[in-house]
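Our numbering numbers the first residue of the sequence shown as 971 and each following residue consecutively. The beta carbon of each residue, even a glycine, is placed where N, CA and C say it ideally should be.
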Amino acid sequence: MLGCAVGRSASSRPQRWEILSPTPALPVPRVAGLVSISDIRIWRGEFGGGEPVLFLHGGLAHSNYWGRQIADVAARHRVIAMDTRGHGRSTSGTKPLSYRLLADDVLGLLDALKIERTAIVGWSDGAIVGLDMAMRRPDRLSRLFAFGANFNLGGLWPEGPQTATFIQYAERCRVEYAGLSPAPANWPKLVAGLRRMWSSSPSWTTEQLSRIRVATVVAGAEYDEIIRQEHTAALAAAIPGARLVTMPAVSHFAMLQDPERFNAELLAFLRS
971 MLGCAVGRSA SSRPQRWEIL SPTPALPVPR VAGLVSISDI RIWRGEFGGG
1021 EPVLFLHGGL AHSNYWGRQI ADVAARHRVI AMDTRGHGRS TSGTKPLSYR
1071 LLADDVLGLL DALKIERTAI VGWSDGAIVG LDMAMRRPDR LSRLFAFGAN
1121 FNLGGLWPEG PQTATFIQYA ERCRVEYAGL SPAPANWPKL VAGLRRMWSS
1171 SPSWTTEQLS RIRVATVVAG AEYDEIIRQE HTAALAAAIP GARLVTMPAV
1221 SHFAMLQDPE RFNAELLAFL RS
């Protein structure tokens, strides 16, 4: 899921939304490893205890990008972080990537871990997967925090993948993939598969979104390089009862750029 070109500020010093903060480390999991799901093996780490919260990362990335959030949420919840099919420490399988397939992988992991219902915290592709589940399998979701999602291609800034921050992000993910993946040579395959998926999906209507009954926060960033701010507002308006949160002075990578604000919004929602 890709796509504003946010111009450089007049100041010579980059603004917070122009900086890709370092990838955090995950806290030490109480259990971690590969789980066989369908045609793949999914890596997952588990942290803390209590009501479950599942973190889903964005395209090209891996679960470590949630490190600053997991550390706080695990104080009161059983946190599960999974590397999406073909990403990070998970294997790729042979099926073409689609949001429905990624959501089915999540359902398979929940079944394997014997989790009936979970809250989902999703960023970018992870948030879109959460929306898919909220429409198709609301019985498996207790609530959804969706940051940086689009529901059709009109919500994307065409220049997004060419912005300096996104280029830096993609290169960082490439390097990290080489150190995490069980098949580092598969990076071009992953990129090609994501590009195909992003070129045609998601393609939901507001009428489809209006059927969602899961408690939802739709979160966006003031300077998102990928998602148009008015599109985020339209997404929130389409989901009955959804609350719109716009995080100031950050971009598509808000959880790295301002983890304190991100965590405050997330924890307030999980407590509500």
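- In terms of Cα proximity to A995, the closest of E1016, N1034, G1003 is N1034.
- Rounded to the nearest angstrom, the gap between the Cα atoms of A1203 and W1127 is 15 Å.
- In the three-state reduction of the DSSP assignment, L1126 falls in the strand class, which pools E and B.
- CA-to-CA, the gap between G1096 and I1090 works out to about 9 Å.
- Note on R1166: under 16 other CB atoms within 10 angstroms of its CB, so exposed under the neighbour-count rule.
- Just so you know, the alpha carbons of W1013 and G1078 end up roughly 12 Å apart.
- When secondary structure is reduced to three states using DSSP, S982 falls in the coil class, being assigned neither helix nor strand.
- Straight-line spacing of the CA atoms in E1016 and P1152 works out to 20 Å.
- Annotation for E1141: no beta strand (DSSP E) segment contains it, though the alpha helix (DSSP H) segment containing it runs 1134-1150.
- Residue pairing by DSSP places A1119 in no beta bridge whatsoever.
- Within the region 1151-1190, the runs of alpha helix (DSSP H) at least 4 residues long that lie entirely inside it are, in chain order, 1157-1170, 1176-1179.
- I1137 is classed as exposed because its beta carbon has fewer than 16 other beta carbons within 10 Å across all chains shown.
- When secondary structure is reduced to three states using DSSP, F1223 falls in the coil class, being assigned neither helix nor strand.
- Boundaries around L1004 are those of the beta strand (DSSP E), 1001-1007, since no alpha helix (DSSP H) includes it.
- By the criterion of a C-beta distance shorter than 6 Å, D1194 is surrounded in its chain by S1221, H1222, once the five residues flanking it on both sides are discounted.
- Contact check between the region 1002-1012 and the region 1045-1055: three or more CB pairs, one atom from each, fall below 8 Å, which counts as touching.
- The alpha-carbon separation between R1110 and H1032 amounts to approximately 23 Å.
- Taking the C-beta atoms as reference points, A1073 is found no nearer than 8 Å to S1094.
- For A1203, the uninterrupted alpha helix (DSSP H) segment begins and ends at 1199-1208.
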